[in-house]
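For reference, the structure discussed in these notes is given below.
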Amino acid sequence: MPGIYIHVPFCASKCPYCDFYSVADRGRIDNYISAVIDELATLRRVGPLAGDLKHRAIATVYFGGGTPSFVGAENLSRLLLAVKDNFNVPSGAEITAECNPSSSLAPGFFETLAAAGFNRVSLGMQSAVDAERKKLGRKATAVDVETAVKACQSAGITDISLDIMLGVPEQTERSLLSSQDFALSLGVTHLSAYMLSIEEGTFFDKKRDALNLPEEDAVCDMYLSLCEYLKNNGFRHYEISNFCLPGHEARHNTAYWRDEEYLGIGPAAHSYLNGRRFYFPRDLDAFISGMPPVDDGPGGGPEEAVMLALRLDTGISLQEIKEKFAVAPSPGLPAILQKYQSAGLLTFDGDRIALTEKGFLVSNALIGDVISAMDGNR
Ligand code: SF4
Numbered sequence: 003m004p005g006i007y008i009h010v011p012f013c014a015s016k017c018p019y020c021d022f023y024s025v026a027d028r029g030r031i032d033n034y035i036s037a038v039i040d041e042l043a044t045l046r047r048v049g050p051l052a053g054d055l056k057h058r059a060i061a062t063v064y065f066g067g068g069t070p071s072f073v074g075a076e077n078l079s080r081l082l083l084a085v086k087d088n089f090n091v092p093s094g095a096e097i098t099a100e101c102n103p104s105s106s107l108a109p110g111f112f113e114t115l116a117a118a119g120f121n122r123v124s125l126g127m128q129s130a131v132d133a134e135r136k137k138l139g140r141k142a143t144a145v146d147v148e149t150a151v152k153a154c155q156s157a158g159i160t161d162i163s164l165d166i167m168l169g170v171p172e173q174t175e176r177s178l179l180s181s182q183d184f185a186l187s188l189g190v191t192h193l194s195a196y197m198l199s200i201e202e203g204t205f206f207d208k209k210r211d212a213l214n215l216p217e218e219d220a221v222c223d224m225y226l227s228l229c230e231y232l233k234n235n236g237f238r239h240y241e242i243s244n245f246c247l248p249g250h251e252a253r254h255n256t257a258y259w260r261d262e263e264y265l266g267i268g269p270a271a272h273s274y275l276n277g278r279r280f281y282f283p284r285d286l287d288a289f290i291s292g293m294p295p296v297d298d299g300p301g302g303g304p305e306e307a308v309m310l311a312l313r314l315d316t317g318i319s320l321q322e323i324k325e326k327f328a329v330a331p332s333p334g335l336p337a338i339l340q341k342y343q344s345a346g347l348l349t350f351d352g353d354r355i356a357l358t359e360k361g362f363l364v365s366n367a368l369i370g371d372v373i374s375a376m377d378g379n380r
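Mapping of the sequence shown onto the numbering used here: residues 3 to 380, in sequence order.
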């Protein structure tokens, strides 16, 4: 079953490290909402690419951003209603909204979301240490985060994810520990832990030398200690950056890593449907004025499947890859896998390959090597 992603490209202001597409302009919200609703109703722009999507059951709906909560619970509910009016969204579908504690605290915010059918919320915490949050440009305090989590739970949405960021300016293992303790004390079911990466053109990129960033080795140690801590507290480390209590995996994102189909609507939203990848340009006005998506070529080859699946703790089965894509692993593959297994970077039982937590830390190089050795015809 495919998923639907709606990109909500609005934020109160731009965080200094962020290169996601968003604008700080309330004035264009109404036109954006109308453009998304129109597209959901007609699939005018993505019609030929969407095929028979309207007749298939939708497994997940995800509102990401940007800051979806910035447009208000009523607007998010209108968008979800448009999805439900135009697609087959069964009652068990996972429906998620990303929210920023500072803009989602209006009384009744989460009640409105719950009444519309949202059953999962992902909150941008980043750190429970206010000084660290401030460095990241976040205005809300840890108290705001706690208030938001409790309000969400009281409204009946108990599937809650918090983001934690590693490698924040001036962060230490000790300060990370206090963020971890804080997150778990709130009774959330999911955590996403991302390493701060300095993206070209961001404010942090320009000020990199003045940021007092922790050393790379220290950030790797923080990652491993976070993994250990969460495992000891009953969380499953099911993807490089994602941890959950049993049964609370993010189904929408997991479908990406399993190379399954999804439709993305909104500026900067990507899609993968009927073997093609396509995306809407990072341009709100172009989206509002009806610009069609841009073709991004075919998707779903063996390299892509391996690259995505190796992000998951379940890894890949060589037999499944062989059957699905008719590729013969190269004779050199076992030696490469054994080398990495001896280094503690992956496990290999003769069929299934899965990266370890140490392997996740060097996943780009590791996955590249495995992919190169997968196809014996090269
Ligand atoms: S709130 Fe999120 S999307 Fe918006 S600027 Fe900050 S990091 Fe980027």
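Note that the Cβ used here is the ideal one computed from N, Cα and C, for glycine as well.
Checklist line | Range covered by the alpha helix (DSSP H) that runs through residue 176 | finding: Working through the sequence shown from its first residue, we reach residue 176 at position 174. Taken as a continuous stretch (DSSP letters only), the alpha helix (DSSP H) holding residue 176 covers 175-187.
Notebook entry, point to check: Between residue 117 and the rest of its own chain, which residues show a CB-CB distance below 6 Å, the 5 nearest in sequence each way excluded?
Noted result: Numbered from 1 along the sequence shown, position 115 holds the residue referred to as residue 117. So the list is empty, once near-sequence residues are dropped.
Checklist line | Short Cβ contact (8 Å threshold) for residue 84 with residue 31 | finding: In the sequence shown, residue 84 corresponds to position 82, counting from 1. In the sequence shown, residue 31 corresponds to position 29, counting from 1. The answer is no: Cβ separation not under 8 Å.
Margin query: Quick check on the burial criterion: 16 or more other C-beta atoms within 10 angstroms. Buried or exposed for residue 135?
Written below: Start at 1 with the first residue of the sequence shown, and residue 135 comes out as number 133. So residue 135 counts as buried.
Item checked: The alpha helix (DSSP H) enclosing residue 305, as first and last residue numbers -> On the sequence shown, position 303 is the one that residue 305 refers to. Element bounds for residue 305: 304-311.
Margin query: Taking only three categories from DSSP, how would you classify residue 247?
Written below: Counting from 1 along the sequence shown, the entry for residue 247 is found at position 245. In this structure, residue 247 counts as coil in the three-state DSSP scheme.
Notebook entry, point to check: Who are the Cβ neighbours of residue 228 in its own chain at under 6 Å, not counting the five residues just before and after it?
Noted result: Indexing the sequence shown from 1 puts residue 228 at position 226. If we look at residue 228 and ignore the five residues flanking it on each side, its Cβ neighbours are 195.
Item checked: Simplified DSSP state of residue 9, which is helix, strand or coil -> Locating residue 9 in the sequence shown gives position 7, counting from the first residue. Residue 9 falls in the strand class under three-state DSSP.
Next item on the list: Locate the alpha helix (DSSP H) running through residue 108, then write down its first and last residues.
Entry: For this step, residue 108 is matched to residue 106 along the sequence shown. Unbroken run through residue 108: none, as it is neither H nor E.
Notebook entry, point to check: If you check the beta carbons only, do residue 7 and residue 266 fall under 8 Å apart?
Noted result: Residue mapping note: residue 7 aligns to position 5 of the sequence shown, counting from 1. Residue mapping note: residue 266 aligns to position 264 of the sequence shown, counting from 1. Cβ atoms of residue 7 and residue 266: closer than 8 Å.
Item checked: Same chain, Cβ closer than 6 Å to residue 379, five either side skipped, listed in chain order -> For this step, residue 379 is matched to residue 377 along the sequence shown. Residue confidence is low: residue 379 scores 48 on pLDDT, short of 50, so the model does not pin down where it sits. Its coordinate-derived value is still stated next. Taken in chain order, the list of residues that qualify is empty.
Note to self: Rounding to the nearest angstrom, what Cα-Cα distance links residue 189 and residue 148 in this structure?
What the structure shows: Position 187 of the sequence shown holds residue 189. Position 146 of the sequence shown holds residue 148. Residue 189 and residue 148: Cα-Cα distance of roughly 10 Å.
Item checked: Every unbroken alpha helix (DSSP H) inside the stretch 136-177 [4 residues or more] -> 144-156
Item checked: Delimiting residues of the beta strand (DSSP E) encompassing residue 65 -> Taking the first residue of the sequence shown as position 1, residue 65 is located at position 63. Run containing residue 65: 62-67, per the beta strand (DSSP E) assignment.
Item checked: Limits of the alpha helix (DSSP H) - the one that residue 336 falls within -> Working through the sequence shown from its first residue, we reach residue 336 at position 334. Segment 335-344, the alpha helix (DSSP H) holding residue 336.
Margin query: For residue 330 and residue 317, what's the separation of their Cα atoms in angstroms?
Written below: The residue labelled residue 330 in the question sits at position 328 within the sequence shown. The residue labelled residue 317 in the question sits at position 315 within the sequence shown. In a straight line, the C-alpha of residue 330 is about 18 Å away from that of residue 317.
Next item on the list: Flag this pair as yes or no: are the beta carbons of residue 245 and residue 253 separated by less than 8 Å?
Entry: Numbered from its first residue, the sequence shown carries residue 245 at position 243. Numbered from its first residue, the sequence shown carries residue 253 at position 251. In this structure, residue 253 does not lie closer than 8 Å to residue 245 by Cβ.
Check: Could you give the C-beta distance for residue 72 and residue 99, rounded to a whole number, given that I count them as a contact under 8 Å?
Finding: Position 70 of the sequence shown, counted from the first residue, corresponds to residue 72. Position 97 of the sequence shown, counted from the first residue, corresponds to residue 99. Going by Cβ atoms, the distance from residue 72 to residue 99 rounds to 11 Å, so no, they are not a contact pair.
Note to self: Please report the distance separating the alpha-carbon of residue 177 from that of residue 37.
What the structure shows: One-based indexing of the sequence shown puts residue 177 at position 175. One-based indexing of the sequence shown puts residue 37 at position 35. Going from the Cα of residue 177 to the Cα of residue 37 covers about 43 Å.
Notebook entry, point to check: What three-state label does DSSP hand residue 201 in the structure shown?
Noted result: In the sequence shown, counting from the first residue as 1, residue 201 sits at position 199. Residue 201 falls in the coil class under three-state DSSP.
Notebook entry, point to check: What do you get for residue 62, buried or exposed, if any count of 16 or more other CB atoms within 10 angstroms of its CB means buried?
Noted result: As a first step, residue 62 must be located in the sequence shown, where it is residue number 60. Buried, because 16 or more other Cβ atoms sit within 10 Å of the Cβ of residue 62.
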